[in-house]
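Let me begin by presenting the structure, written as structure tokens, before commenting on it.
Numbering (mature numbering (1 follows the signal peptide of the UniProt record, and there is no 0)), first residue to last: -23 to -1, 1 to 406.
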């Protein structure tokens, strides 16, 4: 029984990988509404506002005076789940991602012709998934909430009017609550679902760095590196037995728990091309090292409550393979200044999924996706701009096929899509 319980806990932990976000794996792209309008093409070369603190810190050298950029992006996702089999009962509504907001804020200050400073607060990774109470695949994950908040002080230096560099350490806070509901029906006929709940958090440090080159009078090239961040979440695992499960088989328990997770490094290379005084063309490619997620290991130890068969002082280490692979995302976009106060934007993005057909689960039912974006910027006054954006994401259909140590299985076909909305404001002074 000890192995069964730990295996269930581990299956819960893989919720750190999410579906239906606007970047692959469990990454978030929503740190800029102006960038969202072009599908994040040109993210490391555009330097349009203070969100360049994240997009490319070297871009701060191009911004005059002081600027504040803030806003929020909202994600409305849906899934069509079909061809299901496995657990004998349950529903498959697919509405597991609630309407979710992702806020951000940035500040830059150009001190002189060479130096600029700034900082940003944003969410680089995160997820919220919450299946219905009677979800058929609840043994493999019923609810997940993971948030990463990053604070980034930043500095940039311009060698001349052609080349600048930037660097910023990142202070990252991760916290999560994860749940699943396995059943001991095979061992205890007539028993109800058990609930497994894991909570943990950690703080870790990384960095972002970039270079920006004005290659010609009309061509700008940027390269940005976002480092990996190593976390060791510490918290606890709570086990609540379902109705009809004797305490001699499984009792209420609370275990100290830890989980190591590395968020991956990435490189973004992009180009901004001025076609005329009113037209701009953007292109970019992003490589992310998701292959770092070969497996997930959960360690449980230290019984602090309850009885049952698991002995106090129990220590368990279980490993589950993920075998993610590195991904590429490609984007093209354009902007058109239809009026001195109005700028229209559009973009198209192709983004690979890091998952594979063998290890995919209801926590990560994600495939390759295509994203179409529209946006607009309105200069309310000479020192204030409002940006809006809309994105539509459509994923290829994928299959999930999972079996746990209790002999339970879940098989399904997922077809995912999402709508994204962004509202931002930039103030210059």
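By construction, the Cβ of each residue, glycine as well, lies at the ideal position given by its N, Cα and C atoms.
Computed from a predicted model, the values in this text were never measured in an experiment.
So, for residue i: in the same chain, excluding its five sequence neighbours on each side, which residues have a beta-carbon less than 6 Å away from its beta-carbon?
{"i": "residue 401", "result": "10, 48, 364"}
{"i": "residue 322", "result": "14, 15, 312, 352"}
{"i": "residue 376", "result": "390"}
{"i": "residue 306", "result": "263, 328"}
{"i": "residue 199", "result": "21, 22, 33, 189, 247"}
{"i": "residue 386", "result": "63, 380"}
{"i": "residue 310", "result": "15, 16, 18, 259, 324"}
{"i": "residue 256", "result": "313"}
Quick check: what's the CA-CA separation for residue i versus residue j?
{"i": "residue 90", "j": "residue 135", "result": "7 Å"}
{"i": "residue 361", "j": "residue 383", "result": "59 Å"}
{"i": "residue 53", "j": "residue 138", "result": "42 Å"}
{"i": "residue 404", "j": "residue 358", "result": "10 Å"}
{"i": "residue 172", "j": "residue 120", "result": "11 Å"}
{"i": "residue 329", "j": "residue 397", "result": "18 Å"}
{"i": "residue 210", "j": "residue 343", "result": "24 Å"}
{"i": "residue 324", "j": "residue 253", "result": "18 Å"}
{"i": "residue 266", "j": "residue 204", "result": "10 Å"}
{"i": "residue 107", "j": "residue 189", "result": "41 Å"}
{"i": "residue 93", "j": "residue 38", "result": "6 Å"}
{"i": "residue 237", "j": "residue 123", "result": "14 Å"}
{"i": "residue 147", "j": "residue 395", "result": "29 Å"}
{"i": "residue 331", "j": "residue 141", "result": "33 Å"}
{"i": "residue 132", "j": "residue 44", "result": "14 Å"}
{"i": "residue 156", "j": "residue 143", "result": "40 Å"}
{"i": "residue 71", "j": "residue 55", "result": "7 Å"}
{"i": "residue 154", "j": "residue 336", "result": "22 Å"}
{"i": "residue 187", "j": "residue 245", "result": "9 Å"}
{"i": "residue 170", "j": "residue 73", "result": "19 Å"}
{"i": "residue 79", "j": "residue 218", "result": "35 Å"}
{"i": "residue 85", "j": "residue 58", "result": "45 Å"}
{"i": "residue 101", "j": "residue 367", "result": "19 Å"}
{"i": "residue 215", "j": "residue 109", "result": "21 Å"}
{"i": "residue 274", "j": "residue 261", "result": "35 Å"}
For residue i, which residues from the same chain have a beta carbon less than 7 Å from its beta carbon, with the 5 sequence-adjacent residues on both sides left out?
{"i": "residue 378", "result": "388"}
{"i": "residue 373", "result": "344, 345"}
{"i": "residue 207", "result": "181, 239"}
{"i": "residue 179", "result": "151, 208, 209, 210, 211"}
{"i": "residue 8", "result": "28, 31, 81, 99"}
{"i": "residue 406", "result": "42, 43, 360"}
Round the Cβ separation of residue i and residue j to the nearest angstrom and send it over; I've been treating them as touching at under 8 Å.
{"i": "residue 117", "j": "residue 339", "result": "5 Å"}
{"i": "residue 33", "j": "residue 21", "result": "4 Å"}
{"i": "residue 95", "j": "residue 182", "result": "So it is not a contact: roughly 18 Å between Cβ atoms."}
{"i": "residue 145", "j": "residue 87", "result": "So it is not a contact: roughly 16 Å between Cβ atoms."}
{"i": "residue 28", "j": "residue 46", "result": "5 Å"}
{"i": "residue 326", "j": "residue 348", "result": "4 Å"}
{"i": "residue 268", "j": "residue 302", "result": "5 Å"}
{"i": "residue 127", "j": "residue 99", "result": "6 Å"}
{"i": "residue 202", "j": "residue 242", "result": "7 Å"}
{"i": "residue 83", "j": "residue 97", "result": "4 Å"}
{"i": "residue 51", "j": "residue 77", "result": "7 Å"}
{"i": "residue 129", "j": "residue 185", "result": "6 Å"}
{"i": "residue 125", "j": "residue 149", "result": "6 Å"}
So, is residue i buried or exposed, given that buried needs 16 or more other C-beta atoms within 10 angstroms?
{"i": "residue 239", "result": "exposed"}
{"i": "residue 259", "result": "buried"}
{"i": "residue 17", "result": "buried"}
{"i": "residue 391", "result": "buried"}
{"i": "residue 380", "result": "exposed"}
{"i": "residue 192", "result": "exposed"}
{"i": "residue 316", "result": "exposed"}
{"i": "residue 300", "result": "exposed"}
{"i": "residue 430", "result": "Any answer about residue 430 is impossible in this case: the structure gives the chain only from -23 up to 406."}
{"i": "residue 271", "result": "exposed"}
{"i": "residue 369", "result": "exposed"}
{"i": "residue 371", "result": "exposed"}
{"i": "residue 177", "result": "buried"}
{"i": "residue 333", "result": "exposed"}
{"i": "residue 350", "result": "buried"}
{"i": "residue 26", "result": "buried"}
For residue i, which residues in the same chain have their Cβ closer than 8 Å to its Cβ, ignoring the five residues on either side in sequence?
{"i": "residue 196", "result": "248, 249, 250, 251"}
{"i": "residue 319", "result": "353, 354, 355, 356"}
{"i": "residue 67", "result": "111, 112, 113, 114, 115"}
{"i": "residue 304", "result": "1, 2, 264, 265, 267, 328, 329, 330, 331"}
Is residue i close to chain D? Criterion is C-beta to C-beta, closer than 8 Å.
{"i": "residue 360", "result": "The displayed structure is made up of one protein chain only, and chain D is not part of it."}
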